[in-house]
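So the sequence shown is numbered by the numbering used here: it starts at 1 and just counts up by one.
Just so you know, even glycine gets a beta-carbon here, dropped at the ideal spot from N, CA and C.
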Amino acid sequence: MELLSVLCLAAAAKGCHCLYLAYKFFLRPGKELKQYGQWAVVTGATDGIGKAYAMELARQGLNVLLVARSEERLTETAKELKGKYHVTVDQLKVDFSNFDAAAREAVKEKLATLDVGILINNVGLSYPYTKYFHELKDQEVADIMEVNMSSMTWMKLGVQLVGVASPVSGEHFWDELEPTGALVSWG
Ligand SMILES: NC(=O)c1ccc[n+]([C@@H]2O[C@H](COP(=O)([O-])OP(=O)(O)OC[C@H]3O[C@@H](n4cnc5c(N)ncnc54)[C@H](OP(=O)(O)O)[C@@H]3O)[C@@H](O)[C@H]2O)c1
């Protein structure tokens, strides 16, 4: 009898867990992204995955700062976004293969003027075609490391949004850690 009760309890717990997963993956509404801030920053925003992110964030009502190298493509993408969604779109010309102190300062200055809640660290280099690692030339390795790593690191520092301690009231250390944004990085 006791064994039966335990089995029933286990089955009920499993059932509840499955219901929770169904809710979490299929029914739970998405987060209100504007709660983090009015602006999203997307690197590599004029093509591919970055552009798709920029579009979706604008669709959800966020203002978007587009970052890439070509002024012409930035202007084109900004025009497309503004035409589709009623948001403010700004652009910043940056070459992450040469993200030196002056370039970083320019980015910092721009970011300081915006209420940034979301940073999409999308820009990144890969091989032109599939290769074994030992076949890479030193310059290719250096370029990949420069664009992929330095962009993510410096952009995150420039925006300073995730887990930034903010002085809210409360006695405990954890009360003072209030996440202030969302960060997505890959490459
Ligand atoms: N597509 C895939 O199958 C795949 C798979 C795995 C990972 N990824 C990663 O996902 C990310 C996006 O890939 P994607 O295929 O969507 O890229 P993509 O279509 O080639 O777009 C690249 C974007 O980055 C900008 N960009 C390139 N080099 C830059 C630089 N040095 N400084 C600033 N901006 C630069 C480009 O604009 P400008 O040329 O005007 O600068 C463009 O807006 C990359 O990190 C990539 O490694 C992609």
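- For Q139, there is no enclosing beta strand (DSSP E); the enclosing alpha helix (DSSP H) covers residues 138-145.
- In terms of side-chain proximity, the C-beta atom of T88 is found no nearer than 7 Å to any non-hydrogen atom of ligand 1.
- Around the beta carbon of G37, a 10 Å sphere encloses 16 or more other beta carbons of the protein chains shown; the residue is thus reported as buried.
- K93: member of the beta strand (DSSP E) spanning 89-93, first to last residue.
- Taking a C-beta distance under 8 Å as the contact criterion, W39 and L74 do not qualify as a contact pair.
- Taken in chain order, the whole alpha helix (DSSP H) runs of length 4 or more contained in the segment 38-87 are 48-59, 71-84.
- Remark: the C-beta of D95 is in contact range of ligand 1, defined as less than 7 Å to any heavy atom.
- According to the DSSP assignment, V6 belongs to the alpha helix (DSSP H) that extends over 2-22.
- The beta carbons of I120 and G181 sit about 11 Å from each other, so the pair does not count as a contact at 8 Å.
- Nearest Cα to Q91 within the set L4, G158, E71, D47: E71.
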